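Just so we're aligned, residue 1 is where the sequence shown starts under full-length UniProt numbering, counting upward by one.
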Amino acid sequence: MTPLTRPARLVPGARVAVVAPSGPVAEERLSAGLDLLRGWDLDPVVAPHTLDRHPEFPYLAGTDADRAADLQSAWCDPSVSAVLCARGGYGVQRMVDLLDWDAIRAAGPKTLVGFSDITALHEAFATRAGLVTLHGPMAAGVDFLKNVRAQEHLRATLFSPETVRTIRAAEGSTALVPGRARGVLLGGCLCLLAAELGNPHARPSARGALLCLEDVGEETYRLDRYLTQLLRAGWLDGVAGIVLGSWAECDPYEKVRALLVDRVAGLGVPVVEEFGFGHGEGALTIPFGVTAELDARAGTLTLDEPALI
1 MTPLTRPARL
11 VPGARVAVVA
21 PSGPVAEERL
31 SAGLDLLRGW
41 DLDPVVAPHT
51 LDRHPEFPYL
61 AGTDADRAAD
71 LQSAWCDPSV
81 SAVLCARGGY
91 GVQRMVDLLD
101 WDAIRAAGPK
111 TLVGFSDITA
121 LHEAFATRAG
131 LVTLHGPMAA
141 GVDFLKNVRA
151 QEHLRATLFS
161 PETVRTIRAA
171 EGSTALVPGR
181 ARGVLLGGCL
191 CLLAAELGNP
201 HARPSARGAL
211 LCLEDVGEET
221 YRLDRYLTQL
231 LRAGWLDGVA
241 GIVLGSWAEC
251 DPYEKVRALL
261 VDRVAGLGVP
271 VVEEFGFGHG
281 EGALTIPFGV
291 TAELDARAGT
301 LTLDEPALI
């Protein structure tokens, strides 16, 4: 698995677009997020349909066509240096095939930031545009608004990525399976990765990768189903190592941990748990598409090169 193209880092004064490709966005949270971005000396612009509500399905931020148009326009605007997702929820899989991927590739690399439902966009930008993306806090997300660690790790990754070449796990992280492994970082929300299986542009497998997994609000039997689906599909064959993040609002962690041991500890690769990315408090930013070395016992990911150039 080869590394992907890295976008340019941000500089003071850079224009960044905020889009809502998934669920509806709370206006007060968006306003607070924009203030934080302005405090970073960025120039945030809000896509036209960011505060829309779908007329029939209230779990969507506007129609599929409008959400796709916002992302397309932001990405293809040469004045925009990065596209920041406002929140996750659900909806990317409904709009991702409406994007003009030829135009996105022609627009050149820029930075995409988001997580949760945005996992489907991380996968699409990897497989269809060959770009590094950032699995990190979103502009109207509670963690971004309230947690200094989440804010500062994202800020450092965006502006001075050489300072976060080594990503250290959150306190309390342990090696589920000790060892070291090298590979290209990829992954995201477990249920989205399972849902990607079978689409014509899906990644064939995680072979040779350091696979990052997390999820939110899922009962253990559902997590079991997603992992078993990936295992049965051969998607985990040849994975180099596994980095486990948060399991917020799932069953008590001892139950989730028992499942993780059952499903992934036997793969014969290093596995680190509770690394500190995803839906948990103070989530770290993880660059997908960059080669790194995992030291499961030390709880570190060491990037071969900075996330952004």
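Cβ atoms here follow ideal geometry from the backbone N, Cα and C, with glycine treated the same way. This one's a predicted model, so the numbers in the text were calculated from it and none came from an experiment.
- Looking at the backbone, the Cα of leucine 37 and that of leucine 71 are separated by about 19 Å.
- Secondary structure of valine 239 (DSSP, three-state): coil.
- Per the Cβ contact rule, the segment 144 to 152 is not in contact with the segment 43 to 53 (fewer than 3 Cβ pairs under 8 Å).
- Judged by DSSP secondary structure, threonine 228 falls outside any beta strand (DSSP E) and instead within the alpha helix (DSSP H) spanning 220 to 232.
- Following the DSSP letters along the chain, one finds histidine 153 inside the alpha helix (DSSP H) bounded by residues 148 to 159.
- According to the DSSP assignment, serine 73 belongs to no beta strand (DSSP E) but to the alpha helix (DSSP H) extending over 64 to 76.
- As computed with DSSP, phenylalanine 144 is found in no beta bridge at all.
- Annotated three-state conformation of aspartate 97 is helix, per DSSP.
- For glutamate 293, the uninterrupted beta strand (DSSP E) run begins and ends at 291 to 295, by DSSP.
- Rounded to the nearest angstrom, the gap between the Cα atoms of glycine 198 and aspartate 41 is 42 Å.
- Residue state for leucine 51 is assigned as coil, using DSSP reduced to three classes.
- Leucine 301 is a Cβ neighbour of isoleucine 167, given a cutoff of 8 Å.
- In this model, leucine 236 and tyrosine 221 are separated by some 19 Å (Cα to Cα).
- Residues of the same chain with a CB within less than 8 Å of the CB of threonine 127, apart from the 5 flanking positions on each side, are His201, Ala202 and Arg203 in chain order.
- Relative to the Cα of methionine 95, the nearest Cα in the group Ala103, Gly13, Phe115 and Leu121 belongs to Leu121.
- Checking the DSSP bridge columns, you'll see proline 287 partnered with Leu134.
- In the assembly as shown, serine 81 is a buried residue. Its beta-carbon has 16 or more other beta-carbons within 10 Å.
- Each residue's CA atom was taken as its position, placing arginine 6 and valine 271 some 26 Å apart.
- Residue environment for threonine 2: exposed (fewer than 16 other C-beta atoms within 10 angstroms of its C-beta).
- Taking a cut-off of 8 Å for Cβ pairs, the segment 212 to 230 and the segment 269 to 283 touch, as three or more such pairs fall below it.
- Fewer than three Cβ pairs drawn from the segment 147 to 158 and the segment 175 to 185 lie within less than 8 Å of each other, which leaves the two stretches out of contact.
- For proline 55, the number of other beta carbons within 10 angstroms of its own is below 16, and it is reported as exposed.
- In this structure, the beta-carbon distance from arginine 105 to isoleucine 309 does not fall below 8 Å.
- For valine 113, no alpha helix (DSSP H) encloses it; the enclosing beta strand (DSSP E) starts and ends at 111 to 114.
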